[in-house]
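Novice: Line by line, the protein sequences are chains A, B and C. One point on numbering: in our numbering, the residue at position 132 of the first sequence is 135, and numbering is uninterrupted. One point on numbering: in our numbering, the residue at position 187 of the second sequence is 191, and numbering is uninterrupted. One point on numbering: in our numbering, the residue at position 3 of the third sequence is 13, and numbering is uninterrupted. Below: one structure in C-alpha cells.
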Amino acid sequence: MADQDLINRLIDIVGPEWVSEDPAVTIAYSRDMHAYIRFGWETRRPDIVVLPKNSSEVQNIIRVARGFKIPVIPYGSGLNIFGWTLPRCGGIIVDLARMNQIIEINEENATATVEAGCPHFKLQSELLKRRMFIHQPGACSSIYLGSHFTHGCCSKATARLGHIERQIVGYEMVLPDGTMLRTGSLADCRAQKRIWPHGPGPDLGHIPRYAEGALGIVTQVTIKCHPLDENVWPFWVAFDDIDNTIKAYIELLHAEVCTGSSLYAGFKYIGYFSDSPEVAYRQNKIHPEFMLILSLQGTKRRIKFEEKVVREIANKYGGRVITDQLPFYQMFVDSHLNMTSSLYSEYTMRYFGYPGTVGAPGGMVWAPIYDVAEYWKRLTLLYMNDPVLGDPDESDFEVNRSMILYPSQSGHYTLIEAAIAGHPVDPRLIKEIAPRFAEKFVREITDMGLAIDAKYGWARRGEIGTISSYSELASKIKTAFDPDDVMNRGVWSIF
Amino acid sequence: MLLLTKEHIIEDVSKIVGSKNVITHTKKLEGFSKDQSFTRPVMPICVVQPTCNEDVQEVVRLANRHHIPLTPRSSGTNNQGGAVPALNGLVVDLSKMNKILEIDDRAWMASIEAGVTFKQLQGEVKKHGLRVLTPVELPSEASVLSTYLDFAPLYAWTCYGEENLTTMSVVLPNGETLKTGTASMPTAEKPYCHAFGAPFAGLLSYVWFQSQGTLGIVTQSWVKLKARRESEKILFLPFSKVEDSFRVIYEIKRLRYEKEMVMMNKMDLALVLADRYPQEVISLRESLPPWTLIMTLRGREDEVEYQEEDLRELMSKFEVTISSELPEVPGSDNKLLEEIEDPEGWPKWSQFKGARNTIPFIASVEDIPVYNKAAFNLAERHGYPKEDIGCTAVPSDGNGRLHYAFSFARDLSDPRDTGRACSLYMSACRELAKLGAYFSRPYGIMVELMYNRAPTYHETIKKIKHIIDPNNIMNPGKLML
Amino acid sequence: MSGKKTEKSLKQTYIFPMVRRTLEDYYEDMLRCYKCSYCRWVFFPDARDERFVYQCPSGDAFRFLAYYASGRMEIARGIVEGRLPWSKTVEHILYTCTTCGACEALCENINRCHPLQIIEKLREKYVTEIGPTPAYKRMMENVKKHHNLYGESDRKRFDWLPDGINPPKNAKIMYFVGCTSSYRQKEIAKATLSVLNKLGVKVGLLYNNEWCCGGPLFRGGVTAVAKESLKHNIQALERSGAEKVIFTCAGCLRAFKEGEEYGLAPPRFEVLHALQVVSPLLKDLKNQLKPIEGNVTYHDPCYLGRHLAPFPIYEAPREVLRLISSKLVEMPRNRINAFCCGGEEGVREEFAELAVETARKRLAEAKTTGAQTLATACPFCVQNLSGGSKEFEGVKVEDVMMLLDRALQ
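Okay, here's the thing in C-alpha cells:
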C-alpha cells in the first residue's frame, strides 16, 4: 500500500486521472518479454503507475519519489527482452505513453527530435513524406525512440549507417536529483541547437545507453535521419556452405556497396511466415541454408553498378540470386520501399512466441566476420553432440541451427545473434535442453576468443555479459548521482 | 600525502622510466611549455617519457600519492593549448609509446599505442592495401589516437563519421588500467568491438572522448582503417558565395558517393596549395575562387565512373562547374590528394606569418553566413586584414551539420600583430558563442564561454571527475575542472 | 522441434491448443503475450500520418497499459491464476473496450494471442461470477422480454415500414433489419427497401418474428441469452425459405457468423451485407445515378471488416460509393486499420463520454480528407458518429444505403 501522501503529491503533479495504485492497473506492468520463456516468470508489480505529459512533470515526479525514497522505474514500450521495466522492489512506474509527440523534423540538418514516448514507426511515417528514414531497428517498430536509442544495438542497414550509437544527435535526460541534463549541442541552454552529440568536453553523449534508467529518465531524443533514395531493390543471395558465404560477405562489405545487409543462416526469413513448427520445418528444408539479404538503394546507375558487384561476388563464391523465387517477394519489396517499417522488423516479433517459431534467440556475440564460419561449424558440432538436438528422431539440427549477422559499417566486425532450435515457451527447451546447451555454448565462444555481450532467454536468465572493469566505477557513479538508489533500484540484479 | 620537492620528483620518475626518458633541460622544457595558442606558457617540472603501459601506471600512481598534476601529451600537435602543462606539474609524453601493436588486415583494424603518428601508421598499413583516415588542419606527425579521441575533424568525416576509435586502454588516476568494451574481456582475442551489456556502458565507453586528459591517460586503442582503391579521383567545385554551396552540398551528400569532403575559402586553400611562402600564398589567394568545395571519389574504376556521371548530371541542374583540377593551379589534384594522404597541416600553414590560431566549432549550415559576417566585421573593427582569415568547413556524415573553423595568421615576432590577432580571436570566440556556435571541444577562452552556457553538463562532468580523479591530478585546470 | 514424430517427442513438443472454449483454454496465449504493443497501433507498414496511427479507443483515452489489449491479457492471466480479484476497476477496464477487434486483427500478424477473444471470454466469466453490468443487465432484460435492445414494444418493430409497402414473410432473399435500424436509425431501413425496390430485388421480412440478433450481448459476455435469441432468428429465417439473408447492420451480420463458435449449427443460408447484393447491379445503371455532392470518405465498421476476418467486407461499399460520388477519398486509417467509431452499445450506454470522444477522433480524421460526407455501412456507426458530428461542420454522416437511395433515380 503506497503512502497516501505520496499519492497526493503525484496527483498534484500530473492530475488525478493519470495516477493509479489499483492492482488491476498495476498488474499490466508486471511482465514483459524477458519472461517470454516460461521459467523465471517473475511478475513484479509496481505500487503506483504515473503517466506524465511533459519533462517537467517527470522532473517533479523524480523529486517527490526521492523525498520518499521510493524506486522510480521508467517504462517505454515495454518491449525489452531483459526485464528492465519489471520493478525489483515495488515503486513508481513512470509510463511515458503520453509523451509521444514529434517535436521537430529539421530537413536541412537531417535530424528529428521526439519525446521519449514516440514510437519508431510514428516518426517514420512522417519522415516518409520527406523522403527520409531513421535507423530501422532489429525489433518491431512499436519501440519507443527514447528507450530504443538507449539500448538498441543493430539494424539491417548497420552496414551503411553504423550501429545505434552513431544515430544519436542528443538526449534530454532527467537526472536522479531532478535536474535536466542535455547532451551535446543541446547542453548550451541558450542556443539549444540540435546538431551534435558529443561534449562539450568529455563526452556524455551516450550516458543513457545501458544505464537502464538507473541514472535518470530520458525525456527527449534527437536522431539522425537518412535520405531515402528514389530506387530501392532488395536482393537475396543464397549459398550452400558457410565458408563461401562468409568469404562473399566479407568481400561485399569491403566493397562498401549495399545499403542494407544482413546474413541469415539456418533459421530463415521464410520461417516467419509459417503457422506451425511443421510448416516452418518444411519451409526451412526447401530453402537455401545461407542467405544474404541485401537492399540496394540509390540512383539507377548506382543500383546497376551494385547489382553487378553483387552478382560478380555471388558467382565467384557459388551463390545464387533468388530474389524472384521468394514466395513473399512483393510484400517484402513493398515494405522496403516504405521504410516505415520493414518486413524484417515487424515479423521479427514472431521470433519470440508465434506458433510457427522454431528458434529461440539467446544472446549477442561480437566477432570479426572472418571468424563466423568457424563459429558456425562449432555450433553445428554442439548441436550434433547434444543428446536431444543431435538425435535424428528428435530434431533435424541441420535445419534448426540459426544465426543472424549485423555487421558494422565497412565490415570491421559483426554482431551475431545466437539462437537455439525450439519454441521459446516450450518447457522442455527451457528446463532441460537450454541449460545444458548454454553452458557448452558459452565455453565454446570463450574458447574461440569471441566476446559474449548479452545473454538472454535460454542462454542465461536475464544476465548480461558484464564488463567487469566497469563495475567499480559504475557503482561509485551510481552512488554519487543517486545516493538513495531511487532510480530503477536493483535493475542490474539477476532474477 | 607527502609533498615532494622538484628534485625528489625527478628522481622518483627517473627510477620508473629511466633517466634517459626524463627531460629536465630548461631549453627543452620550454618547447613543452607552450604552443601557438594564447594559453599562457607554463614550465613543467620535467617531461616523463614512458615506453610502456606499466611505466605510465607507475608514474600515475606516484603522482596520485603525492598530488602531482599530470598533463598527458601524445604528439603535442593540438595547438589549442591542450598540451600546455598544469602548474607545478609533470608532462607525461607518450611519443615514445609508438608501437603499432597489431594490424588485423581482414577486419581493417589496428591496435596502436598513443605515440603512433599518422605518418607512421599510414606507411605501415599501406603495405596491407589499407589507409588511415587523416585529419584536417593537423599534421601527419599528430598522434592518431589523440586525434580520434578528441573527435578532431577528418577529411573522411563526411563518409565515415567521427567514431573511428573503438576500444581503448585508459590508465586511471589510481594507476589501474581500464579497458573499454570487449577489450575488457580477457578471453576476447579480437577486442575491437564496442560492447554494451554492462551497467553504464554508454557512459564508461565514451566519457574518455574529448576529455583532454582530465580523466585518465589513454595509452592504447583500436582504430578503424579503410581500403585503398583502384581509382582515386578528386573533384573541385568553385563558389563565389558560401551560401551558393549549401544546396549543392546537400544534394551531393544525399548521393553518398564522396569519401572525403572539405570546403575551404581561398586563404586556407592557398595555404594548402602553395609551396613558397608567403609569395605564392598571396598570389594564389588572388586567383583562387572565394570558396572551393573539394571531394574525393574512391572505388573501382567503373564505380568512380558512374559516380562522376551521376554527380555531373546533378551539377548541371545547379550550373556549377565540376572539375578534376583547379584551372588556376595545375597539379592541384595531386597536391590535395597528397595532403589528404600525408597532411602537412598547421605547422606548414602557420609559416605564412609565423603562427596560426584556430577557432573550431560545430555549426548548422544555415548559420555559416551569420558567423562569417560576424568574424569579418570583427576583423575590420580590430584592424585585422580580412583576407588573412581562413575558413574551413568539414561536413559530418549528417547533412547540414558541419565542423567549421576560423583561422587567424599572425606574426609571432610582431607584438602589435599578435595583439591584434589575440583580441580578434577573443572577441570572435565571444561573439560566436553568443550567436550559438557550439564549441564541442573547448579550449582556452572557449571553455568558460561554453560551460557558462551549459552549467548542468559541467556540474555532471565535475561529479564524474571527482569520482574518477578525487585528488585532481589529471590535467587540473583544463575544462574548468 | 520437428523431424520424425516419435511418441516421446509428441508428448513433449509444445502444442498449441486448437480448440478454445473457456478462458482457461487461452492461458497459453496469455503467457505468450510479450507486450509488443501491436494492438495499440495501426499496422506499421500502413502508417502514413503521424496524427492517425492509434488504435484501441479505450487505451487511447485512458492511456494506462491496462486499458490496452496487452494490459487486459495480464488481467486475464491474473484472474485465471487467482492473483487478481474482481473489482470495479476490473469491470471498468473490461467494459470500456469497444470490441473493435483491432488488437485481434493486428496480433494475428504477429503472435496470435487472440486478445479480443480473451476479453470476451473474460467478460463471460465476469457475467457468470459477478453478473452483468447495469447496461448489459438492461439490454439482457430487454431482449428477454421484448426481443430488442431498447426495451420498446416488439409490436412496434416494423413501424418504420412506409404505408403501402408490405414485403412477404417468406422469400429467397430475406432482409434482417436489426434493432437499431428498426427502432432508431429507421431511415436506413427505409432507404434499403427503397433501393432494393428500385433495383428490382424482392426481399422478405421476418416482421415480429425478428428478434435481436444477440450481437451486443455476445460482446458483453451475456452469452446464454444472446445464443437463444440468435438461434431463434436462424430457425425463423430457415423456415422462411431463405437462401440469402442480407443485412444493413454490421453488428447483426457479425452475430450471425459467430453462431458456430457457440455451438449452434451453421445456418443454411448465405449471410451477406445488402451492399454486396446491390453493388453488382449498379454497374449497368451508371448513367442513371445522380452523383452526390462533394467528396465522400468511408468509415469501415469494425464488425464488417476486422470481425469478419478472413473474409472482411471492405470493397463492396467502396464500389458503390465510387459509382455514386465524384470522388472517394480514404482516411489514413482504413480497412484493417480503421479506427473504431466508439458506438458499441455497452460503451454508449455505460460510458457515453468515451463513445463521444472516440467519435470525435474519427470525425477529426474524416475532416482532414476534405470530404463533405462520411459514409458508413452500419447503423451503430451512423448513430454514434452523428452524435459527435454537430461540432464538425462540413462533415455529414450518412449510411451508404441512404446516399444510394438519393442517387438512384
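Positions of the beta carbon are idealized from the N, C-alpha and C atoms, including for glycine.
#1: Between P48/B and L94/B, which are expected to be in contact by the criterion C-beta below 8 Å, what is the C-beta distance as a whole number of angstroms?
#2: Can the beta-carbon of T99/C be found closer than 9 Å to that of A100/A?
#3: What are the partner residues of D409/C, as DSSP defines its beta bridges?
#4: State yes or no: is the beta carbon of S1/B nearer than 9 Å to at least one beta carbon in chain A?
#5: Quick one: is L416/B buried, meaning 16 or more other Cβ sit within 10 Å of its Cβ, or exposed?
#6: Count the other C-beta atoms from every protein chain shown that fall within 10 angstroms of the C-beta of H29/B, then say buried if there are 16 or more, exposed otherwise.
#7: In the stretch 53-73 of chain A, which residues sit with their C-beta less than 7 Å from some C-beta in chain C, listed in chain order?
#8: Counting along the chain, where does the beta strand (DSSP E) carrying L237/B start and finish?
#9: Using a beta-carbon distance below 9 Å, is W199/A in contact with chain B?
#10: Can you tell me which of the three DSSP states E360/C falls into?
#11: To the nearest angstrom, report how far apart D39/B and R360/B are at their CA atoms.
#12: Kindly indicate which three-state DSSP category A146/B falls into: helix, strand or coil?
#13: Would you kindly work out how many angstroms separate the C-alpha atoms of R69/A and A483/A, rounded to a whole number?
#14: What does the alpha-carbon distance come out to for the pair F250/B and T223/B?
#15: Which residues in chain B have a C-beta closer than 8 Å to the C-beta of P90/A? List them in chain order.
#16: Could you give the residue range of the alpha helix (DSSP H) that holds R304/A?
#17: Just how far apart, CA to CA, sit G393/A and Y386/A?
#18: In this structure, how does DSSP classify N305/C when only helix, strand and coil are distinguished?
#19: Which one or two residues does DSSP pair with K227/A in a beta bridge?
#20: Between which two residues does the alpha helix (DSSP H) carrying R414/B extend?
#21: Does the beta carbon of E499/A come closer than 9 Å to any beta carbon on chain B?
#22: Determine whether the beta carbon atoms of R133/C and L104/C lie at a separation below 9 Å.
#23: Here's a check: name, in chain order, each residue in its chain whose Cβ is nearer than 6 Å to the Cβ of F62/C, leaving out the five neighbours to either side.
#24: Say whether chain A places a C-beta atom closer than 9 Å to the C-beta of K371/C.
#25: Under 9 Å, do E84/C and P226/C count as touching if we go by C-beta distance?
#26: On the DSSP bridge list, what partners appear for F136/A?
#27: Who does F444/A pair with in a DSSP beta bridge?
#28: Can you pull the chain B neighbours of A1/A, defined as C-beta to C-beta under 9 Å?
#29: I'd like the list of long-range same chain contacts for V445/A, defined as Cβ closer than 7 Å, with 5 residues on each side in sequence excluded.
#30: Is the stretch 183-197 of chain A in contact with the stretch 185-194 of chain B, if contact means three or more CB pairs nearer than 8 Å?
#31: Determine the closest residue to S368/B out of G179/B, V451/B, G404/B, F356/B, with distance taken between C-alpha atoms.
#32: Can you look up T362/B in the DSSP assignment and give me helix, strand or coil?
#33: Give the DSSP bridge partners of R77/B, in chain order.
#34: Give the C-beta separation of F279/C and A236/C to the nearest angstrom, bearing in mind that I take them to be a contact with Cβ-Cβ under 8 Å.
#35: Could you name the residues that DSSP lists as bridge partners for N109/A?
#36: Which whole runs of the alpha helix (DSSP H) in the stretch 256-280 of chain A are 4 residues long or more, in chain order?
Specialist: Walking through what the data contain:
#1: 6 Å
#2: no
#3: T386/C
#4: Residue 1/B cannot be examined here, being either before or after the span of chain B that is shown, 5 to 485.
#5: exposed
#6: exposed
#7: L54
#8: Contrary to the premise, residue 237/B reads as Lys rather than Leu in this sequence. Note, K237/B: beta strand (DSSP E), 235-243.
#9: yes
#10: helix
#11: 10 Å
#12: coil
#13: 14 Å
#14: 40 Å
#15: Here the premise fails: no neighbours, minimum Cβ distance about 18 Å.
#16: 303-319
#17: 5 Å
#18: strand
#19: T114/A
#20: Not the alpha helix (DSSP H): R414/B falls in the beta strand (DSSP E), residues 405-414.
#21: Past the edges of chain A, shown from 4 to 498, lies residue 499/A, and the structure says nothing about it.
#22: yes
#23: P342, R343, E375
#24: no
#25: no
#26: H229/A
#27: Its beta-bridge partners do not exist; DSSP assigns none.
#28: An answer regarding residue 1/A cannot be provided, because it is not within the stretch 4 to 498 covered by chain A.
#29: I455
#30: no
#31: G404/B
#32: strand
#33: D97/B
#34: No, F279/C and A236/C are not in contact; Cβ-Cβ is about 20 Å, not under 8 Å.
#35: T114/A
#36: none
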